[in-house]
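Here the structure comes first, spelled out in structure tokens, and everything after it is commentary.
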DNA sequence: CCATGTGTATCAATATATTGATACACATGG
DNA sequence: CCATGTGTATCAATATATTGATACACATGG
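Protein chains in written order, with the numbering used here: chain D, 1 to 129; chain H, 1 to 129.
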């Protein structure tokens with residue numbers, strides 16, 4: 001992948017590292033970046049866009065923690081070949097339980113019935129798979 | 001309305017003034033707060049929750065700029081009379097749709113199947129009614 | 001009039017988020 | 001070995017968001 005494919009607007013309200021994260025995430029999701037593809041080096045991206053290498057590194061590290069990228073020592077970052085599941089399902093469920101509680105609280109405050117909420121969430125969950 | 005009805009968590013990542021805005025917005029949308037209802041004074045809310053009156057004022061001012069509240073000189077803030085009493089269900093659903101989308105995104109990143117999420121949320125929704 | 005009740009304008013203090021400079025560890029390939 | 005390529009840990013500088021202290025204007029009702 002060529003660093004010039006990234007569109008970066010330093011003056012935009014959205015932080016630079018999040019612009020990079022968002023674009024790469026979508027390019028990976030859409031298949032424009034395939035598993036194993038090498039990304040441009042942080043200095044390459046930084047040089048072409050006149051930003052700091054650490055800003056690019058931050059974006060890469062976030063994507064690595066999401067499992068979207070993997071670090072190849074001495075070579076750079078690449079699109080992750082596999083999404084390994086380290087934690088069992090109940091552990092992963094715990095990671096979103098607070099979110100679920102918050103959602104339930106807001107639904108109660110809005111006096112919304114359960115049924116349309118569960119139906120809507122069901123739709124969203126299926127769409128994204 | 002009694003100031004104690006507000007749930008405020010000063011240590012939460014969400015800023016206090018936004019917690020207040022969110023809760024009041026939802027209570028107005030659902031009709032728990034009717035047009036003309038007086039809100040507790042900023043000092044009342046601040047005193048009960050050990051926060052600063054200006055923080056409450058900021059929340060009230062935001063809701064006033066949205067048209068949800070109106071300022072009655074010498075009396076305080078009240079639910080705007082022009083506000084429709086109860087918003088229809090689809091309008092209220094819109095208020096939590098972004099949260100549902102965010103939840104679905106996180107679930108996808110965690111590679112969690114739909115079924116346990118919908119079951120857990122169903123439990124939480126029923127518990128609170 | 002005035003004690004008491006509103007909200008808030010103003011500014012300061014803090015907390016948090018973002019970026020950037022520097023130096024470093026490590027892998028590669030000649 | 002070593003020049004050159006990776007990413008990043010560390011810390012500093014900046015920008016932004018949030019909160020808080022103070023003083024003020026205004027309305028009410030005795």
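Note that beta-carbon positions come from the ideal geometry of N, C-alpha and C, so glycine has one too. Treat the numbers as computed from the prediction; the structure is a model and nothing was measured.
For residue j and residue i, the rounded distance between their alpha carbons
i	j	result
residue 122(D)	residue 116(H)	11 Å
residue 95(H)	residue 27(H)	12 Å
residue 4(H)	residue 42(H)	12 Å
residue 55(D)	residue 73(H)	50 Å
residue 120(H)	residue 112(H)	12 Å
residue 68(H)	residue 109(D)	16 Å
residue 39(D)	residue 52(D)	17 Å
residue 7(D)	residue 49(D)	9 Å
residue 25(H)	residue 47(H)	21 Å
residue 61(D)	residue 35(H)	49 Å
residue 105(H)	residue 17(D)	19 Å
residue 70(D)	residue 37(D)	10 Å
residue 66(H)	residue 127(D)	33 Å
residue 44(H)	residue 107(D)	26 Å
residue 92(D)	residue 29(D)	21 Å
residue 1(D)	residue 32(D)	9 Å
residue 89(H)	residue 81(D)	44 Å
Where residue i falls: helix, strand or coil (DSSP)
i	result
residue 101(H)	helix
residue 38(H)	strand
residue 85(D)	Its pLDDT being 49, under 50, residue 85(D) is placed unreliably in this model, and the value from its coordinates should be taken loosely. Here residue 85(D) sits in coil by DSSP.
residue 64(H)	helix
residue 8(H)	coil
residue 178(H)	Within the shown structure, residues of chain H are numbered from 1 to 129, placing residue 178(H) beyond reach of any answer.
residue 51(D)	coil
residue 95(H)	helix
Neighbouring residues, chain H, relative to residue i (Cβ below 9 Å)
i	result
residue 74(D)	Here the premise fails: no neighbours, minimum Cβ distance about 28 Å.
Beta strand (DSSP E) segment containing residue i, residue limits
i	result
residue 76(D)	76-79
residue 70(H)	69-72
Partners in chain H for residue i, counting only beta-carbon separations shorter than 8 Å
i	result
residue 78(D)	Those do not exist, as residue 78(D) stays about 19 Å from chain H at its closest Cβ, beyond 8 Å.
residue 117(D)	93, 96, 100, 121 and 125
residue 110(D)	26, 29, 30, 92, 95 and 96
Contact set between residue i and chain D, taken where Cβ atoms lie within less than 9 Å
i	result
residue 64(H)	Simply none; closest approach about 20 Å.
residue 99(H)	99, 102, 103 and 106
Interface residues of chain H facing residue i [CB-CB closer than 7 Å]
i	result
residue 114(D)	122, 125 and 126
N- and C-terminal bounds of the alpha helix (DSSP H) containing residue i
i	result
residue 123(H)	114-127
residue 20(H)	16-30
Item to check | Segment contact flag, the region 91-102 of chain D with the region 75-91 of chain H, C-beta cutoff 8 Å, min 3 pairs | outcome: no
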